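For reference, the structure discussed in these notes is given below.
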Amino acid sequence: MSSLDIPEAVTTSEQASRYLRSKTKDVGPLIVFAQALIDEKYVNLYFPRKEDFLMDWWFDRAEIGMKNDDFWQIFKKIWTSLSAGSKRQIYQRHKFLDTIKSALALLASDVTNNDSQKTERLALLSSIFDAVECVEQSKVWLRCTTEVMVSIVIDYLKLVSVFPEAASEKWCRLVFSIYENALYGVSNFKKISQSFSNNGLLAGFTVLKQVDRQAKLHDKLSNILRDLVFSPSVVKDDENQLFKKLCDVLAQIPDSRQDSDFLGHVLSLGLSKFGKTKQRSLMPKICEEFLNFAPQAARSILREAKNHDITISTQSLTKALHAQEPTDWSLATMILDGDADAVFPMVEGLMDDKLRNSETSRDIVAFVCQLADSYTKIRNLQLFINIWRKTLTRGVPETSVLVSEDLVRAVATRISENLTINQLNSIFVEIIPKDETGELMSGDILPLIAIILGTSLLPDTLPDSLLLKAEKLLSLLNAEALQDNYLAWRLKYLILSMDKNIVKSVIESLYTGASDVASAVKSLVNPDRKVYDSRIQYFNLQMLFRIAEFKPLTGFPQVAQWLLDIMDAKSLQWDQNIANIGTMNLPVAFAFCIIDRWLVLIEYALH
């Protein structure tokens, strides 16, 4: 009888055992014969303790049979046929989890992303874990040495990194049960951590990146990586190289540098571990190493640093901001909030280049407002205003954030909340030409609007010294070069709104040529009239209202009635953005403009 021939008739246990112990490497016929023994197809065979013998045979042949799916399936049949006592004895006699370790290592050793045997490998993996579950259900404690456990975990992760389907809930549960059982009573993690860090980093972080963050595997794996990779005992021996080694591993994972959520999560694992030990000094180091590794993920890195109250060096922050192209304004805002010194040296360059030519967006507006706030915190808002003026003088597109209402309001608010009268006086002294023949620079107008707005918000009565400077400004705004600049007209109106004494002091010089105000105002909104800038007309009307509070004007009752009539024309055609006022929507803008002056309108309408 050939060693591969299945005996047709077996009558003694000696015959059966001799056949099963044959030296053949082809386990296929042996499995068929073992199956026949289990199914009692040999009715004339007397084989005492047959199940125990078959289980011992299975472990003896595991080295050559573990790549055979049928070999693992027959394990379950043999195991379930054993008595409870036999199960305990055999489990103690044979190292079951060592066999699982060898099987997973064999599977993981030559697996590739383009594996043509994917279906067969997954089927074999399923049978292996069925065997593990079968043993677990026998109330046998699945425990092994920590060396075997680390190997099982790493090889399983290697398989999952190639076959995401292997991340089934049942298989994960079994692997992590083995992990937890092996650690029971273990106090020294150093050897375990070193072993995992040397062999399991790539597989572990590859799987962490690819699995859904809501999956149980993600939580379990996060805990393992936090405890093993960032173990204090390992870090202590290699703190200068650990983070570099980690980043070198992460670099091998496709798109890891661009996945800010993933990197932020990895960083949080280390930070949460260090924060609970005496190694808090390492926390800035790992943050800075991550910034060097993936500047694209700087926002997530800084967010984690802030959550853990970590201070990152100014140099690292500046480097991270320089690495962004195009500029990440949200990141710049975060850096400003945490360490303004990292941004201050760049401000003039940013103003003159990227901010000057940028269109307004929510992120850019947030940055410039934070910039004004940061200068305010160091008690040098005046420096920010001067940089702003300098940039505006060189010319700025109307779409730039530097001429946005958001920036004007932000500066005005900070002026009203932080500057003293003396500081405001010094700003006016710096801007207003000392020479009687001097002229305002065009770049001064918008910052002056912010300054006047902020001054108007001050709770205290304005001193005469400040009002005199405002009057001086008003006279400078009459320069011929500024007559077509709608911002100059807006500034005129704001100055008139500061104090009634300013209006009274200049009232005779304003609108002296308008004998019939009604005709003058109606002509402003004539659609057929060629108008250079309708916004100038808008502020003319505002000024007219301001003057009307102190001096009756010829024809104003008709203007009041006419304006009351056009209030019905108020619609959503104007978005209340002054920059968008044009000839066709000027009446609508007028209607909005007069809503706050209804008392003046009614008073004139009743006369």
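Counting along the sequence shown from 1, when you hit position 323 you're at 344 in the working numbering, and nothing is skipped either side.
Every residue gets a Cβ at the ideal spot worked out from N, C-alpha and C, and that includes glycine.
Fair warning: this is a prediction, and the values are worked out from it, not measured in the lab.
Find out if the Cβ-Cβ distance for the pair Ile274, Lys230 is shorter than 8 Å.
-> If you number the sequence shown from 1, residue 274 lands on position 253. If you number the sequence shown from 1, residue 230 lands on position 209. Going by C-beta atoms, Ile274 is nearer than 8 Å to Lys230.
Cα-Cα, which of Glu451, Leu483 and Lys455 is closest to Pro468?
-> Taking the sequence shown and counting its residues from 1, the one referred to as residue 468 is at position 447. Looking at the Cα atoms, Glu451 is the closest of the given residues.
Tell me whether Thr133 sits in a helix, a strand or coil according to DSSP, three-state version.
-> Taking the sequence shown and counting its residues from 1, the one referred to as residue 133 is at position 112. Thr133: coil per DSSP, three-state reduction.
Do you know offhand how far Pro548's Cα is from Asn606's?
-> Mapped onto the sequence shown, residue 548 falls at position 527. Mapped onto the sequence shown, residue 606 falls at position 585. Interpretation of Pro548 is limited by its pLDDT of 49, a score under 50 that renders its predicted location unreliable; the figure taken from the coordinates is listed afterwards. Cα to Cα, Pro548 sits roughly 10 Å from Asn606.
Quickly, what does DSSP pair Thr33 with across the bridge? List them, please.
-> In the sequence shown, residue 33 corresponds to position 12, counting from 1. In the DSSP output, where bridge partners are listed per residue, Thr33 has Tyr67.
Three-state secondary structure assigned by DSSP to Ser421 | As a first step, residue 421 must be located in the sequence shown, where it is residue number 400. The answer is strand: DSSP assigns Ser421 an E or B state.
What residue range is occupied by the uninterrupted alpha helix (DSSP H) comprising Pro305?
-> Taking the first residue of the sequence shown as position 1, residue 305 is located at position 284. Per DSSP, Pro305 belongs to the alpha helix (DSSP H) from Leu303 to Phe314.
In the DSSP assignment, find the unbroken alpha helix (DSSP H) run with Ser214 in it and report its ends.
-> Here residue 214 refers to the residue found at position 193 when the sequence shown is read from its first residue. Its alpha helix (DSSP H) spans residues Lys211 to Asn220.
Top-ranked residue by Cα proximity to Ile602, from Phe566, Lys411, Gly49 and Arg556 = Numbered from 1 along the sequence shown, position 581 holds the residue referred to as residue 602. For Ile602, the nearest C-alpha among the options comes from Arg556.
How about the region 114 to 124 and the region 168 to 186: do they share at least three Cβ pairs that are nearer than 8 Å?
-> yes
Own chain, CB closer than 8 Å to Ile523, minus 5 neighbours either side, in chain order = As a position in the sequence shown, residue 523 is number 502, starting the count at 1. Only Leu488, Ala491, Glu492, Leu495, Ile516 and Leu517 meet the Cβ criterion.
So Ser182 and Ala224 are in contact, right, with Cβ under 8 Å, and what is the actual spacing, rounded?
-> Along the sequence shown, one-based indexing puts residue 182 at 161. Along the sequence shown, one-based indexing puts residue 224 at 203. Yes, they are in contact, since the Cβ atoms of Ser182 and Ala224 sit about 5 Å apart, within 8 Å.
Whole-angstrom distance between Ile59 and Lys98, CA atom to CA atom | Against the sequence shown, residue 98 aligns to sequence position 77. Against the sequence shown, residue 59 aligns to sequence position 38. Approximately 8 Å between the Cα atoms of the pair.
With C-beta atoms as the reference, is Leu163 less than 8 Å away from Ser107?
-> The count along the sequence shown starts at 1 and reaches residue 163 at position 142. The count along the sequence shown starts at 1 and reaches residue 107 at position 86. Cβ atoms of Leu163 and Ser107: not closer than 8 Å.
Top-ranked residue by Cα proximity to Thr476, from Ser252, Thr434, Gly370 and Ile399 | Position 455 of the sequence shown, counting from 1, holds the residue named residue 476. Selected option, being the one with the closest Cα: Thr434.
Measure the C-alpha to C-alpha separation of Leu143 and Leu178 and round it to an integer number of angstroms.
-> Numbered from 1 along the sequence shown, position 122 holds the residue referred to as residue 143. Numbered from 1 along the sequence shown, position 157 holds the residue referred to as residue 178. Using only the alpha carbons, I get a separation of about 14 Å.
Is Gly359 near Arg324, with beta carbons less than 8 Å apart?
-> Looking up residue 359 in the sequence shown gives position 338. Looking up residue 324 in the sequence shown gives position 303. Result no, Cβ atoms of Gly359 and Arg324 do not sit closer than 8 Å.
Would you kindly work out how many angstroms separate the C-alpha atoms of Ile528 and Glu346, rounded to a whole number?
-> On the sequence shown, position 507 is the one that residue 528 refers to. On the sequence shown, position 325 is the one that residue 346 refers to. Spanning the two alpha carbons is a distance of roughly 53 Å.
Pick out the complete alpha helix (DSSP H) segments inside the region 103 to 169, 4 residues or longer, and give them in chain order.
-> 105 to 114, 117 to 130 and 139 to 157
Boundaries (first-last residue) of the alpha helix (DSSP H) holding Tyr205 = Translated into the one-based positions of the sequence shown, residue 205 becomes position 184. Neither: Tyr205 is in no alpha helix (DSSP H) and is coded neither H nor E.
Strand pairing of Glu72, partner residues [DSSP] = Residue mapping note: residue 72 aligns to position 51 of the sequence shown, counting from 1. Partner(s): none; Glu72 has no beta bridge.
So what's Glu380 in DSSP terms, helix, strand or just coil?
-> Residue numbering aside, residue 380 sits at position 359 when the sequence shown is read from its first letter. Glu380: strand per DSSP, three-state reduction.
In terms of alpha-carbon separation, which member of Leu338, Leu512 and Asp330 lies closest to Leu312?
-> Your numbering for residue 312 matches position 291 in the sequence shown. Per the Cα distances, Leu338.
Can you grab the Cα-Cα spacing for the pair Ser243 / Phe226, in whole Å?
-> Start at 1 with the first residue of the sequence shown, and residue 243 comes out as number 222. Start at 1 with the first residue of the sequence shown, and residue 226 comes out as number 205. So the two alpha carbons sit approximately 9 Å from each other.
Rounded to whole angstroms, what's the CA-CA distance from Glu84 to Phe184? Just pull it up for me.
-> Along the sequence shown, read from residue 1 onward, the residue named residue 84 stands at position 63. Along the sequence shown, read from residue 1 onward, the residue named residue 184 stands at position 163. Taking the straight line from one Cα to the other gives about 24 Å.
Boundaries of the alpha helix (DSSP H) in which Thr414 is found, first to last residue = One-based indexing of the sequence shown puts residue 414 at position 393. Segment Leu402 to Thr414, the alpha helix (DSSP H) holding Thr414.
Starting from the Cα of Ala341, find the closest Cα among Asn328, Asp465, Thr332 and Gln317 and give me that residue.
-> The count along the sequence shown starts at 1 and reaches residue 341 at position 320. Minimum Cα distance to Ala341 is reached at Gln317.
What is the rounded straight-line gap between the Cα of Phe96 and the Cα of Trp79?
-> Translated into positions along the sequence shown, residue 96 becomes position 75. Translated into positions along the sequence shown, residue 79 becomes position 58. So the alpha carbons of these two residues sit roughly 7 Å apart.
What is the DSSP secondary structure of Gly603, reduced to helix, strand or coil?
-> Numbered from its first residue, the sequence shown carries residue 603 at position 582. Three-state result, Gly603: coil.
Enumerate in chain order the residues of its own chain whose CB-to-CB distance from Gln36 is below 6 Å, with the five nearest sequence positions on each side excluded.
-> Taking the first residue of the sequence shown as position 1, residue 36 is located at position 15. Answer for Gln36: no residue qualifies.
What separation, rounded to the nearest whole angstrom, lies between the Cα atoms of Lys591 and Phe405?
-> Here residue 591 refers to the residue found at position 570 of the sequence shown. Here residue 405 refers to the residue found at position 384 of the sequence shown. Because Lys591 carries a pLDDT of 48, less than 50, the predicted location of this residue cannot be relied on, and the following value inherits that uncertainty. If you take the alpha carbons of Lys591 and Phe405, they lie about 39 Å apart.
Inspect the beta-carbon positions of Phe630 and Ser38 and report whether they are closer than 8 Å.
-> In the structure displayed, the chain extends from 22 to 628; residue 630 sits before or after that span and is not available.
Per-residue burial, Gln138 [other beta carbons within 10 Å of its own, 16 or more giving buried] | Locating residue 138 in the sequence shown gives position 117, where the first residue counts as 1. It is exposed - the Cβ of Gln138 has fewer than 16 other Cβ atoms within 10 Å.
Among Cys268, Lys327 and Arg320, the one whose alpha carbon lies nearest that of Leu292 = Against the sequence shown, residue 292 aligns to sequence position 271. Checked all of Cys268, Lys327 and Arg320; the closest Cα to Leu292 is Lys327.
Between Asp554 and Met519, what straight-line distance do the alpha-carbon atoms span, to the nearest angstrom?
-> Position 533 of the sequence shown, counted from the first residue, corresponds to residue 554. Position 498 of the sequence shown, counted from the first residue, corresponds to residue 519. Rounded to the nearest angstrom, the two C-alpha atoms are 25 Å apart.
Check each candidate in Leu423, Glu419 and Pro69 and name the one with the smallest Cα separation from Asn407.
-> Position 386 of the sequence shown, counting from 1, holds the residue named residue 407. Taking only the C-alpha atoms, the option nearest Asn407 is Leu423.
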